[in-house]
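Read the structure below first, then the notes.
Number of protein chains: 2
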Amino acid sequence: MTANPSLQKRETQSPILPASGRVKLDELADHLGLSKSTVSRALNGYSDISETTRKRVEVTARKMGYRPLSHAQAIRTGKVRAIAMVINSEEPDRHNPFLQDFLAGACEAASASDWTLAISTAKSEQDMLDVLGRLVEERKADGFILPRTEVDDARINYLRELKVPFILYGRTGYGHPDRPDDTSWFDISGETAIRKAVDRLVEFGHTCIGYVGSDPKFNYSHLRRDGYLEGLKAASLQVHPDLIREGARTREEGAVETRALLQLDAPPTAIVCATDLAALGCYAACAEFGLVIGHDVSVLGYDGIPESQYVSPGLTTFNVDSKRAGERLATLLIRQTRGEEPAKLRELSDAVLIERGSDGPPRLTSAALARQIKSFNNHNRGGNRL
Amino acid sequence: MTANPSLQKRETQSPILPASGRVKLDELADHLGLSKSTVSRALNGYSDISETTRKRVEVTARKMGYRPLSHAQAIRTGKVRAIAMVINSEEPDRHNPFLQDFLAGACEAASASDWTLAISTAKSEQDMLDVLGRLVEERKADGFILPRTEVDDARINYLRELKVPFILYGRTGYGHPDRPDDTSWFDISGETAIRKAVDRLVEFGHTCIGYVGSDPKFNYSHLRRDGYLEGLKAASLQVHPDLIREGARTREEGAVETRALLQLDAPPTAIVCATDLAALGCYAACAEFGLVIGHDVSVLGYDGIPESQYVSPGLTTFNVDSKRAGERLATLLIRQTRGEEPAKLRELSDAVLIERGSDGPPRLTSAALARQIKSFNNHNRGGNRL
DNA sequence: TGTATTGCCGAAACCGGTTTCGGAAACAAC
DNA sequence: GTTGTTTCCGAAACCGGTTTCGGCAATACA
């Protein structure tokens, strides 16, 4: 922190090259025989510059490789041409293999407009708000991408109050139609994917379909569960509360919920999971009961994590295009910082089904499955894991 | 791009609060009854400010919540108090579950010094250099973290020439002792980990140990293979070139190399892999030959990816602490931008062994293993997968 | 007591852009 | 031939800091 003021920094410039490495606005202006104010206005598309000089400026600017320093612009304009995202670093399911794809999408979109991406992490909900606050106070970014939106998201209220542009990766406010709805967002329609999963199972002939949901604090959890309910309704199947389990964020939690499902008097012959991680937990739990997936029990996941293709049998799941998500979020956010109406910057996309071997026609009825599970339990120490 | 100059932005300030939200240097100076130059010098630790006023300034600055705008400082100082990392987005093994941990470490270290982290992605080697060039030209960062260093790394020469501070995650220049060695780096000693793996297998009683290496363009590949060789040497085991396979970056490639190993006349009873991904490929290849891992063949990995604990049997591997890596890299880089000698900013750390079920004493001799593989092949259509 | 030195601070220039404002030239209207 | 209007551009202020330079007062030295 302590500087060294005694240090003289009189660098001897190279005597051959007159200018330093970078081309500055002054030099460009000199070269053009114009004032720097004119050049600046030309570059920024002001209407009081004639079309001919504007073109001339643009051409030689490109030719001389002039690029304005964004922080020099920022001091006057207040805009740093950067978007930021702050990631919660302490989530139980934080090992996201797609983060890199997401960042690639966001970076490419940002670069296309000559913007950059700043990223930060937070250790808790409070830390999250602190970090956001610091970032806006020091104007490190002109807008924020908010990943993993919650039903009741503190970040949203905070940034709304600060009047800082932001965009959600996901929707928010589930079940609160009165909540102000002026936010922009990009989301993948988990509800239609899960709905399709149920449709698919119904077509296979399943009539007893279980559901393992994720943490209800996240908005997507409710949407996906709704997709499940809709699927049942469309097939005129009755909703049985015991078949709906919530809160599985990790593989282990997925296993726990699956065990509960399988030990029901009428266990499901198929299980739809809100996440692939939960589905992998399903695999573990089914193995415990000697159940073979794709035959005794059908399982479907959602996310498309790499591991889903390496388990045996391969997991049928819905692929999410993280790179595109990053790309869309960044471009929409940039448009928003340029003044577009947030409520008009919304996009909903679909996950795509990847058919693998984890699902198929029911081999057993629910009753038969129950008997098999019971007899397996009796043969194996009769242990009740739950 | 086209601005709207006709737009008047004469915001009417709130009449109650005199100053805008942020506290500026002028206001702080007014409040203190000092000139802003004095306040600035006090805050930056100049020696021509008396200790008493410096303290006074610091205290009220904190009290008033003053934070300088880094881009306002940057315009004069040329330093933006940011580090950047550009990630290659098109690698075959890009799905790194630890990226988030790494970023968390780097962010925390940066935040601790009030720095920020910019990230960017590149699609090819040339794009990488272009992106780096843009970033330095626009001074988006004061220094760079270079992940995944290669033996012959174009980024290094490029940034060295530009005289921009950078730090390597990994070492470089393997086998080129003449190469200039003025870089700073942080690395995990893969060579000692692999060496330990071999030691461990030798202690188990293995005498025929194979090795599946990674892409030789990366520096770590050579180091890990050296660790393997050292281990053999220490145990007075002969090096057999056939037992050394290179170039496996993905799970599939790991399987390919393992098949080649297992079809040798004298197949290894244990296989050390340079990466967990290759080791998982080992699992697949062994399964094809009806070999049970941990008994018929021992397998060790390196990286500690989450999946390694969920395969059956669990993979014995070496855990890398990515968060700490990010943290160390960021702090070392910041120190370097403050003038410390790069060659003195180097740290080597160790991966930690996680013992699971994939290794143990050899159940079979190499010859017996060969016979078993051959008979298995004959019983299963005699197919030769290679 | 006079002078040189030191300690401490303020005025002003500066960084690289953007934006305001005013004015000259060209054009239109009378 | 004046008198407005436009059109287009330059001069200068400005953004929020940092750094240079000079000067005043207090101290040290002769």
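Protein sequences, first through last, are from chains A and B. Per this note's numbering, the first sequence runs over residues 65 to 450. Per this note's numbering, the second sequence runs over residues 65 to 450. The C-beta atom is built at its ideal place from N, Cα and C for all residues, glycine as well.
Take residue i as the anchor and find which of the options has the nearest alpha-carbon.
i, options, result
"residue 311 (chain B)", "B:130, B:278 and B:321", "B:278"
"residue 246 (chain B)", "B:433, B:221, B:383 and B:384", "B:221"
"residue 338 (chain A)", "A:367, A:319 and A:316", "A:367"
"residue 401 (chain A)", "A:142, A:335, A:215 and A:295", "A:142"
"residue 24 (chain B)", "B:418, B:411 and B:403", "Because residue 24 (chain B) is not part of the residues shown, which for chain B are 65 to 450, the question remains open."
"residue 293 (chain A)", "A:323, A:262 and A:306", "A:262"
"residue 283 (chain A)", "A:296, A:241, A:236 and A:244", "A:236"
"residue 441 (chain A)", "A:387, A:416 and A:354", "A:354"
"residue 399 (chain A)", "A:176, A:216 and A:272", "A:176"
"residue 479 (chain B)", "B:314, B:256 and B:117", "Only positions 65 to 450 of chain B appear in the structure, and residue 479 (chain B) is not among them; the question remains open."
"residue 410 (chain B)", "B:397, B:383 and B:102", "B:397"
"residue 156 (chain B)", "B:139, B:125, B:180 and B:188", "B:188"
"residue 158 (chain A)", "B:349, B:406 and B:370", "B:370"
"residue 274 (chain B)", "B:307, B:154 and B:385", "B:307"
"residue 296 (chain A)", "A:315, A:281, A:316 and A:270", "A:270"
"residue 259 (chain B)", "B:250, B:241, B:280 and B:291", "B:291"
"residue 365 (chain A)", "A:433, A:315 and A:128", "A:315"
"residue 242 (chain B)", "B:335, B:216 and B:249", "B:216"
"residue 179 (chain A)", "A:416, A:248, A:395 and A:201", "A:395"
"residue 127 (chain A)", "A:106, A:154, A:87 and A:117", "A:87"
"residue 244 (chain B)", "B:422, B:352 and B:406", "B:406"
"residue 352 (chain A)", "A:152, A:408, A:333 and A:323", "A:323"
Can you find the residues in the same chain that come closer than 6 Å, C-beta to C-beta, to residue i, ignoring five residues on each side of it along the sequence?
i, result
"residue 208 (chain A)", "148 and 230"
"residue 321 (chain A)", "276, 309 and 312"
"residue 100 (chain A)", "89, 90 and 93"
"residue 446 (chain A)", "Low per-residue confidence applies at residue 446 (chain A): pLDDT is 45, beneath 50, and the placement is therefore not dependable, though the value from the model is reported in the following sentence. There are no such residues."
"residue 211 (chain A)", "233"
"residue 359 (chain B)", "427"
"residue 350 (chain A)", "357 and 361"
"residue 280 (chain A)", "310"
Which residues of chain A have a Cβ atom closer than 7 Å to the Cβ of residue i, listed in chain order?
i, result
"residue 173 (chain B)", "Near residue 173 (chain B) there are no residues of chain A at all, since even the closest Cβ is about 11 Å away, more than 7 Å."
"residue 136 (chain B)", "139"
How would you list, in chain order, the residues of chain A whose beta-carbon sits under 9 Å from the beta-carbon of residue i?
i, result
"residue 182 (chain B)", "146, 180, 181, 182 and 183"
"residue 131 (chain B)", "198, 201 and 202"
Can you tell me whether residue i is buried or exposed, with buried defined as 16 or more other CB within 10 angstroms of its CB?
i, result
"residue 431 (chain A)", "exposed"
"residue 286 (chain A)", "buried"
"residue 161 (chain B)", "buried"
"residue 226 (chain B)", "exposed"
"residue 239 (chain A)", "exposed"
"residue 164 (chain B)", "buried"
"residue 444 (chain B)", "exposed"
"residue 224 (chain A)", "exposed"
"residue 105 (chain B)", "buried"
Mind pulling the chain B residues with CB within less than 7 Å of residue i?
i, result
"residue 168 (chain A)", "153 and 185"
"residue 163 (chain A)", "163 and 164"
Can you name the residues of chain A whose CB is closer than 8 Å to the CB of residue i?
i, result
"residue 86 (chain B)", "201"
"residue 204 (chain B)", "134 and 180"
I want to verify the contact list: residues of chain B whose CB lies under 8 Å from the CB of residue i, in sequence order.
i, result
"residue 22 (chain A)", "No answer is possible for residue 22 (chain A): the residues shown for chain A start at 65 and end at 450."
"residue 315 (chain A)", "374"
Leaving aside the five residues before and after residue i along the sequence, list all residues of the same chain whose C-beta is less than 8 Å from its C-beta, in chain order.
i, result
"residue 66 (chain B)", "Confidence in residue 66 (chain B) is poor, its pLDDT being 34 and thus under 50, which makes the residue's placement too unreliable to answer from."
"residue 150 (chain A)", "183, 184, 185, 186, 192, 195, 196, 199 and 208"
"residue 424 (chain B)", "268, 358, 359 and 362"
"residue 414 (chain A)", "252, 253, 256 and 257"
"residue 96 (chain A)", "103, 120, 121 and 124"
In chain order, what residues of the same chain lie with their CB nearer than 7 Å to the CB of residue i, ignoring the 5 residues before and after it?
i, result
"residue 205 (chain B)", "144, 146, 147, 148, 182 and 199"
"residue 318 (chain B)", "276, 312, 337, 341, 342, 343, 344, 345 and 346"
Below 8 Å, how does it come out for the stretch 385-403 of chain B and the stretch 193-203 of chain B: are there three or more Cβ pairs, yes or no? no
Flag this pair as touching only if the stretch 339-349 of chain B and the stretch 374-389 of chain B have three or more C-beta atom pairs under 8 Å; answer yes or no. yes
Inter-stretch contact at 8 Å, needing at least 3 Cβ pairs: the stretch 321-330 of chain B / the stretch 429-445 of chain B: yes
Quick test of the definition: if touching needs 3 or more C-beta pairs under 8 Å, does the stretch 284-302 of chain A touch the stretch 261-273 of chain A? Result yes; three or more Cβ-Cβ pairs closer than 8 Å.
Does the pairing of the stretch 168-179 of chain B with the stretch 103-121 of chain B give three or more beta-carbon distances under 8 Å? no
Cβ contact (3+ pairs, closer than 8 Å) linking the stretch 125-138 of chain B and the stretch 124-139 of chain A: yes
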